[in-house]
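Asks: Just so you know, the sequence shown maps onto residues 4 to 453 in this note's numbering.
Okay, handing you the structure first.
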Amino acid sequence: MYEQVGGFLGPSFNAQVNVERMYETAMVDIFVQNSSTSMHSACGVLGSARLAVVNFNRLLGLFRSDVYTTDPANGLYHHSILSDVIGDGILTVDGERWQHQRKVASYELSTKVMRDFSSAVFKTNAVKLAHIISEAATCDQAIEIQVKNILILLGASGNGLFMKASLDSVIKIFLGIELETMRGTNEEGTRFSNAFDEANANTLYRYVDFSWEIILFLNIGSEGVLKNNIEVMDQFGYKLIKSKIKTVHNLEDELPLKRRDILSRLLASGQTDPKYFRDIIFSLFVAGKDTAASTLTWFIYMVCKHPDIQEKIAQEVREATNLKDNSSIDELADNLTEETLSKMQYLVAALTETSRLYPAVPLNAKVCSSDDTWPDGFSVKKGDIVGYHAYSMGRMKYIWGDAGPRICVGKDFAYREMMIFCAVLLGSYTFKLRDENKEAELQDQVHPPY
């Protein structure tokens, strides 16, 4: 079933007008409640089309075909919107460049050195977060642990502790430095964190603001703010990268553990172009920070709504670590080994169910680089934007399971982070909502009610 929506100005205009109900209008109402399998609408005044797809068979064709791309040489849609922030990173390119970066990321994230290093970083920051929560609990004080203003695809405000904890972790793992945004003790790090989050949020609105290029040309409004934020990001990033380039050769005779952070390991490969590293690292920030933090946010919200499940997870953590109820937070974290984490299957299931209901990337899209025809005869024209809606698909009873062996390159990395944080927190505290009667608001901006 195809459903025409949008009108003359198309869904970009609709999204601006109905921004408070973007998820409900474009996803729940159309796909789930009306049992629609695709949506076809005019897009903007130039007449290209947008297809929003949730049909499993059509999605297989979308993922397996080289016709649908994010590559700047073929589809400028994503690249023009995102490249100011993440350049030619893995999220904006396709083809050989995408394959190269995926290969690099896949290798670096899967080594034993990286597994051990990242686990140590996650445990350290989970303990820091737990102590901050302990201070609040001692004073009977409600805290903002959630990600505020979670935005589609990229943006998120960094006010919540989960976002800060996630950023501190990925900065340490990818760049090898302590940012300390949870405590706010690093002024330069806090400035970078705020600029990075605000830049991502402003970039997001380019997807629904058809006038953004005019605003960019005039250097006013959100685009003027974005330009300033990118300058802060680049100053921070390039300063660190250039410093690493100067020193990495002095480590050639050192043990591999001296180069545990990803940037140092990439520099050891012989590449010297600062922009190459800047784009890779910033893309990994986006992919590794916001996704884990938003999933952790919804996980805590869901276990608060289901206290019996929260207790089962806490019990599983205690049994897996074989610790007494009066064990300290540090003792709990020290006992989170690969072996103990492998025993926490109920926690894995709860995190996976959270991802089904509240996927970290609820919708995504590719650009058709040449005319194509789907098996059911529907024609897709060059330049058409084909989106797939994971949020809706997770709520469709007739869809079961996943799409097959292609998985996120950072899946194991993300699950390791989320499991360690959840084990430390639920093994130490019982979480409750600030207002038990308030439901989460489902918008383009998501406000879990803690």
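Ideal Cβ placement from N, Cα and C applies to all residues, glycine included.
Per DSSP, Gly-390 is paired with what?
Replies: Your numbering for residue 390 matches position 387 in the sequence shown. Ala-55, Ala-368, per the DSSP bridge assignment.
Asks: Assuming Glu-201 and Asn-232 make a contact with CB atoms under 8 Å, what is their CB distance in whole Å?
Replies: In the sequence shown, the residue the question calls residue 201 occupies position 198. In the sequence shown, the residue the question calls residue 232 occupies position 229. Glu-201 to Asn-232, Cβ: 5 Å. Contact.
Asks: If contact is defined by three or more beta carbon pairs under 8 Å, each pair taking one atom from either stretch, is the stretch 227-243 in contact with the stretch 182-202?
Replies: yes
Asks: Mind listing, in chain order, the continuous alpha helix (DSSP H) runs of no fewer than 4 residues lying wholly within the stretch 290-356?
Replies: 294-308, 310-324, 332-337, 341-345
Asks: Around the C-beta of Gly-13, are 16 or more other C-beta atoms found within 10 angstroms, so that it is buried, or is it exposed?
Replies: Against the sequence shown, residue 13 aligns to sequence position 10. Low confidence applies to Gly-13: its pLDDT is 46, below 50, so where it sits in the model is not reliable enough to give any reading.
Asks: For a test of the three-state rule: what should DSSP assign to Tyr-241, helix, strand or coil?
Replies: What you label residue 241 is simply residue 238 of the sequence shown in a count that begins at 1. It is helical.
Asks: Specify, as a first and last residue, the run of the alpha helix (DSSP H) that Cys-425 falls within.
Replies: Position 422 of the sequence shown, counted from the start, is the residue given in the question as residue 425. Note, Cys-425: alpha helix (DSSP H), 414-429.
Asks: If you draw a straight line from the C-alpha of Ser-372 to the C-alpha of Glu-99, how long is it?
Replies: Translated into the one-based positions of the sequence shown, residue 372 becomes position 369. Translated into the one-based positions of the sequence shown, residue 99 becomes position 96. Rounded to the nearest angstrom, the two C-alpha atoms are 16 Å apart.
Asks: Per the contact definition of three or more C-beta pairs closer than 8 Å, is the stretch 265-272 in contact with the stretch 388-400?
Replies: no
Asks: Write down the C-beta distance between Gly-430 and Val-320 rounded to the nearest angstrom, noting that I regard them as a contact closer than 8 Å.
Replies: As a position in the sequence shown, residue 430 is number 427, starting the count at 1. As a position in the sequence shown, residue 320 is number 317, starting the count at 1. 4 Å between Cβ atoms; contact.
Asks: Measure the alpha-carbon distance for Asp-143 versus Ile-135 and round it to whole angstroms.
Replies: Start at 1 with the first residue of the sequence shown, and residue 143 comes out as number 140. Start at 1 with the first residue of the sequence shown, and residue 135 comes out as number 132. Just so you know, the alpha carbons of Asp-143 and Ile-135 end up roughly 12 Å apart.
Asks: Using a 10 Å radius around the Cβ and a threshold of 16 neighbouring Cβ atoms, would you call Glu-183 buried or exposed?
Replies: On the sequence shown, position 180 is the one that residue 183 refers to. Label assigned to Glu-183: buried.
Asks: Between the Cα of Gly-92 and those of Gln-313, Ala-290, Thr-357, Glu-190, spot the shortest distance and give me the residue it belongs to.
Replies: Indexing the sequence shown from 1 puts residue 92 at position 89. Residue Ala-290 is the option with its Cα nearest to Gly-92.
Asks: So the alpha helix (DSSP H) Pro-277 belongs to, where does it begin and stop?
Replies: Against the sequence shown, residue 277 aligns to sequence position 274. Unbroken alpha helix (DSSP H) run through Pro-277: 277-288.
Asks: Taking Cβ to Cβ, would you say Ala-108 is nearer than 8 Å to Leu-243?
Replies: Taking the sequence shown and counting its residues from 1, one reaches residue 108 at position 105. Taking the sequence shown and counting its residues from 1, one reaches residue 243 at position 240. The answer is no: Cβ separation not under 8 Å.
Asks: Counting pairs of beta carbons, one from the stretch 341-348 and one from the stretch 416-426, are three or more of them closer than 8 Å?
Replies: The stretch 341-348 makes contact with the stretch 416-426, as at least three CB pairs between them are under 8 Å.
Asks: Gly-240 and Ile-174: beta carbons closer than 8 Å?
Replies: Numbered from 1 along the sequence shown, position 237 holds the residue referred to as residue 240. Numbered from 1 along the sequence shown, position 171 holds the residue referred to as residue 174. No, the Cβ-Cβ distance between Gly-240 and Ile-174 is not below 8 Å.
Asks: Going by CA-CA distance only, name the one from Lys-167, Leu-207, Val-383 that's closest to Phe-424.
Replies: For the purposes of this step, residue 424 is taken as residue 421 along the sequence shown, with counting starting at 1. Selected option, being the one with the closest Cα: Lys-167.
Asks: Nearest-angstrom Cα distance between Glu-442 and Lys-308?
Replies: The sequence position of residue 442 within the sequence shown is 439, counting from 1. The sequence position of residue 308 within the sequence shown is 305, counting from 1. Whole-angstrom Cα-Cα distance: 10 Å.
Asks: What whole-angstrom Cβ distance do Asp-333 and Val-130 have, given they're in contact under 8 Å?
Replies: In the sequence shown, residue 333 corresponds to position 330, counting from 1. In the sequence shown, residue 130 corresponds to position 127, counting from 1. That pair is a contact at about 6 Å.
Asks: How big is the Cα-Cα spacing for His-450 and Leu-335?
Replies: Position 447 of the sequence shown, counting from 1, holds the residue named residue 450. Position 332 of the sequence shown, counting from 1, holds the residue named residue 335. Residue confidence is low: His-450 scores 34 on pLDDT, short of 50, so the model does not pin down where it sits. No coordinate-derived value is stated.
Asks: Exposed or buried, what is Leu-360 when buried is set at 16 or more other beta-carbons lying within 10 Å of its beta-carbon?
Replies: Working through the sequence shown from its first residue, we reach residue 360 at position 357. Residue burial is scored here from C-beta neighbours: Leu-360 has fewer than 16 other C-beta atoms within 10 angstroms and is therefore classed as exposed.
Asks: Considering only their Cβ atoms, is the gap separating Leu-339 from Thr-324 smaller than 8 Å?
Replies: The sequence position of residue 324 within the sequence shown is 321, counting from 1. The sequence position of residue 339 within the sequence shown is 336, counting from 1. In this structure, Thr-324 lies near Leu-339, with their beta-carbon atoms less than 8 Å apart.
Asks: With DSSP as the reference, please indicate the residues paired to Asp-375 in a beta bridge.
Replies: By one-based count along the sequence shown, residue 375 stands at place 372. In the DSSP output, where bridge partners are listed per residue, Asp-375 has Val-383.
Asks: Can you give me the C-alpha to C-alpha distance between Phe-177 and Gly-380, rounded to a whole angstrom?
Replies: Taking the first residue of the sequence shown as position 1, residue 177 is located at position 174. Taking the first residue of the sequence shown as position 1, residue 380 is located at position 377. Near 46 Å, if we compare the C-alpha coordinates of Gly-380 and Phe-177.
Asks: Specify the secondary structure class of Tyr-110 as computed by DSSP and reduced to three states.
Replies: What you label residue 110 is simply residue 107 of the sequence shown in a count that begins at 1. Correct three-state label for Tyr-110: helix.
Asks: Name the DSSP beta bridge partners of Tyr-71, please?
Replies: Within the sequence shown, numbered from 1, the residue matching residue 71 stands at position 68. In the DSSP output, where bridge partners are listed per residue, Tyr-71 has Cys-371.
Asks: What is the rounded straight-line gap between the Cα of Ala-438 and the Cα of Gln-318?
Replies: Along the sequence shown, one-based indexing puts residue 438 at 435. Along the sequence shown, one-based indexing puts residue 318 at 315. Contrary to the premise, residue 438 reads as Asp rather than Ala in this sequence. If I take the Cα positions, the gap works out to 25 Å.
Asks: Can you tell me which of Val-412, Asn-329, Asp-87, Asn-205 puts its alpha carbon nearest to the alpha carbon of Trp-101?
Replies: Residue mapping note: residue 101 aligns to position 98 of the sequence shown, counting from 1. Out of Val-412, Asn-329, Asp-87, Asn-205, Val-412 has the C-alpha closest to the C-alpha of Trp-101.
Asks: What are the complete alpha helix (DSSP H) segments, minimum 4 residues, inside the stretch 76-100?
Replies: Scanning the stretch 76-100 for uninterrupted alpha helix (DSSP H) segments of 4 residues or longer gives 79-89, listed from N- to C-terminal end.
Asks: Out of Leu-62, Ser-68, Lys-435, Ser-172, which has the shortest C-alpha to C-alpha gap to Ala-295?
Replies: Position 292 of the sequence shown, counted from the first residue, corresponds to residue 295. Here the closest residue by C-alpha is Ser-172.
Asks: By how many angstroms is the C-alpha of Ala-426 removed from the C-alpha of Lys-278?
Replies: As a first step, residue 278 is located in the sequence shown; it is residue number 275 there, counting from the start. As a first step, residue 426 is located in the sequence shown; it is residue number 423 there, counting from the start. Distance between the alpha carbons of Lys-278 and Ala-426 is about 37 Å.
Asks: Once the 5 residues before and after Leu-70 are set aside, which same chain residues still bring their CB inside 7 Å of it?
Replies: Start at 1 with the first residue of the sequence shown, and residue 70 comes out as number 67. Correcting the residue identity first, residue 70 is Val in this sequence and not Leu. Result list for Val-70: Cys-371, Ser-372, Ser-373, Asp-375, in chain order.
Asks: Report the three-state DSSP secondary structure of Asn-189 (helix, strand or coil).
Replies: Within the sequence shown, numbered from 1, the residue matching residue 189 stands at position 186. In the structure shown, Asn-189 sits in coil (DSSP, three-state: anything other than H, G, I, E or B).
Asks: Look at the Cβ atom of Gln-313, then the Cβ atom of Thr-433, and state whether they are nearer than 8 Å.
Replies: Counting from 1 along the sequence shown, the entry for residue 313 is found at position 310. Counting from 1 along the sequence shown, the entry for residue 433 is found at position 430. Against a cut-off of 8 Å, the Cβ pair of Thr-433 and Gln-313 comes out as a contact.
Asks: Give every residue of the same chain whose Cβ lies closer than 6 Å to the Cβ of Leu-260, excluding the five residues on either side of it in the sequence, and list them in chain order.
Replies: The sequence position of residue 260 within the sequence shown is 257, counting from 1. With a pLDDT of only 44 at Leu-260, under 50, the local geometry of the prediction cannot be trusted, and the value read off the model is given with reservation. Nothing listed; no residue qualifies.
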